[in-house]
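Single-structure report; data block below.
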């Protein structure tokens, strides 16, 4: 950047471009800089004749011959249609030897367009003025841009050569004041002319963009209220505040703040918030600073959610019972902090003994305990660092005996990782139903990774559900439904189901053993990752070696069986799942005189 104390712009257009050389002269009827489409007449004149008559004088354009003539001079008119620098030369050509006489360069380009969209900004009250503008079309030649800045008394100029083909930018080294009104003009100049932008008039207060303020947040021992404090370089500042949970895309805005602090209320406990502040110099003029950036987490608060608890009861003997409790973790908005553990209390309701309350702590969302056979009041709370949630209470009752299971349970594959489970209410019971629980678990799960089934609790009016989570295609699930009688799970009804299945990717591993009356055939279960769904049946295909006759097919609930030449005979009790729609794997052939083939 170059600063010019006196601004002066002169444009000199030469009407004749000539070059005087030792052996001759070369001239053009235009200046050295032209616009595309200009016709140039070029001439070359030898100074003295000392060449033979077999020599000729020729004009060349960028190495290509334009015209030639026997004698001491040559002339030609040539249109310049392309941008850039063009080299014209004059040579003497004698018996296939060319010698340079003289040369001249012509540069083709555009005069500058008027600079448009001129704007200026100053970052910070003590910063430097930065101005930008659109240059217009590319000039294809060296073009200089100069800013004329006047306060009505003095005029300063700042010059910088073109660095970008489309946009101009200059940082002015002058120190401006807030009292003056300034006039700024951008002047573009090259060898083909000059162009002036429309004048930009401004005061410094209109273009200063303050630096973002520094922000501090204090929560004042509250999980829902805080106070923001900030410091800005602007003295008579006007500010605005916005804030949001980092997980949200919606901002809450507080405007028209003239102090250096702001109190906020109604925040969510134990939530990471982003707080931002922006300020400017004048309430109605000027530019807002960029938003500051500050994040902080609100403190924890006492949980507010009520745990949804249900239980299973199983008699061990005439004196003892096993009670298993289940509940879901609270939602984040209800937990209002990190849940450290759950507190479970058992209060015996026997009238013969004084009431004793036993307290137990667990980090799991289930709890099992063996207790004497009597009625209990059981409470469960979720606990964080600030306190406990309201207690969820259930009352166990030994008098509840008639607890039938739901009827007509079915599981329908829906694809896309979902299964539709539906049922009908249990047969009439003396106890009222206050809901249902649907459980599901991968039948070949890893017990260490999936120790408990997934489950969801439904109101009593719901008799179907599309299982919403933890479902994969080509996997078999064990699905159970309980009716809840005063929060106690009744008898279970179960079914297997899948969201989508394929044919098994492998057959079972088959083993055979000759018997006196046939062959004993047994097999190992197909590995879970190759079952690709729910295996409903195994079949045996029986065929003699080298026979073209279709094999005999035996396949109703087989587990172990003995085969003889006449057919198949069961050697042990046969047990399996009920036969359903069958998907068959590629058969496995066992080596024997009779070929028993087992498939799933």
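Numbering (mature numbering (1 follows the signal peptide of the UniProt record, and there is no 0)), first residue to last: -23 to -1, 1 to 577.
The beta carbon of each residue, even a glycine, is placed where N, CA and C say it ideally should be.
Rounded straight-line distance, which links the Cα of residue j to that of residue i
i: residue 441; j: residue 388; result: 10 Å
i: residue 531; j: residue 457; result: 31 Å
i: residue 422; j: residue 504; result: 12 Å
i: residue 460; j: residue 291; result: 15 Å
i: residue 184; j: residue 263; result: 6 Å
i: residue 381; j: residue 242; result: 52 Å
i: residue 350; j: residue 289; result: 14 Å
i: residue 586; j: residue 149; result: Within the shown structure, residues of the chain are numbered from -23 to 577, placing residue 586 beyond reach of any answer.
i: residue 372; j: residue 490; result: 58 Å
i: residue 121; j: residue 235; result: 45 Å
i: residue 227; j: residue 250; result: 12 Å
i: residue 346; j: residue 447; result: 28 Å
i: residue 80; j: residue 65; result: 6 Å
i: residue 511; j: residue 478; result: 8 Å
i: residue 465; j: residue 439; result: 17 Å
i: residue 284; j: residue 319; result: 10 Å
i: residue -5; j: residue 50; result: 15 Å
i: residue 536; j: residue 501; result: The predicted model places residue 536 with a pLDDT of 49, which falls under 50 and marks its position as unreliable; any figure quoted below should be read in that light. Looking at the two C-alpha atoms, the distance is approximately 10 Å.
i: residue 405; j: residue 295; result: 27 Å
i: residue 493; j: residue 528; result: 23 Å
i: residue 216; j: residue 152; result: 26 Å
i: residue 11; j: residue -3; result: 23 Å
i: residue 197; j: residue 229; result: 21 Å
i: residue 203; j: residue 193; result: 10 Å
i: residue 470; j: residue 519; result: 37 Å
i: residue 282; j: residue 462; result: 23 Å
Exposure label - residue i; buried when at least 16 CB within 10 Å
i: residue 155; result: exposed
i: residue 7; result: buried
i: residue 509; result: buried
i: residue 189; result: buried
i: residue 59; result: exposed
i: residue 546; result: Since pLDDT at residue 546 reaches only 35, below the 50 mark, its modelled position is unreliable, and the value read off the structure follows with that caveat. Residue 546 comes out exposed.
i: residue 523; result: exposed
i: residue 135; result: buried
i: residue -7; result: buried
i: residue 40; result: exposed
i: residue 514; result: buried
i: residue 385; result: exposed
i: residue 205; result: buried
i: residue 169; result: buried
i: residue 293; result: exposed
Cβ-Cβ distance between residue i and residue j below 7 Å
i: residue 161; j: residue 126; result: yes
i: residue 147; j: residue 108; result: yes
i: residue 83; j: residue 67; result: no
i: residue 363; j: residue 277; result: yes
i: residue 187; j: residue 266; result: yes
i: residue 280; j: residue 209; result: no
i: residue 116; j: residue 191; result: no
i: residue 303; j: residue 355; result: no
i: residue 286; j: residue 321; result: no
i: residue 418; j: residue 430; result: yes
i: residue 436; j: residue 415; result: no
i: residue 396; j: residue 484; result: no
i: residue 110; j: residue 94; result: yes
i: residue 143; j: residue 112; result: yes
i: residue 56; j: residue 16; result: yes
First and last residue of the uninterrupted beta strand (DSSP E) at residue i
i: residue 492; result: 486 to 492
i: residue 126; result: 121 to 127
i: residue 324; result: 318 to 325
i: residue 359; result: 353 to 361
i: residue 20; result: 15 to 23
i: residue 349; result: 343 to 349
i: residue 252; result: 249 to 257
i: residue 287; result: 286 to 292
i: residue 431; result: 431 to 435
N-terminal and C-terminal residue of the alpha helix (DSSP H) that residue i is part of
i: residue 181; result: 181 to 184
i: residue 506; result: 505 to 508
i: residue 310; result: 309 to 312
Neighbour flag for residue i against chain C, beta carbons, 7 Å
i: residue 153; result: Among the protein chains of the structure shown there is no chain C, as only one such chain exists.
The segment 152 to 167 in contact with the segment 64 to 77 per 3-pair CB rule at 8 Å: The segment 152 to 167 vs the segment 64 to 77: no contact.
Validate contact between the segment 401 to 412 and the segment 486 to 505 using beta carbons, cut 8 Å, 3 pairs: no
At least three beta-carbon pairs within less than 8 Å, the segment 372 to 380 to the segment 332 to 344: no
Cβ contact check for the segment 213 to 226 and the segment 160 to 180: 3 or more pairs under 8 Å: no
Touch test, the segment 391 to 404 against the segment 340 to 357, Cβ-Cβ under 8 Å, three pairs minimum: no
Touching by the beta-carbon criterion (3+ pairs, under 8 Å), the segment 97 to 117 and the segment 16 to 25: Result no; under three Cβ-Cβ pairs closer than 8 Å.
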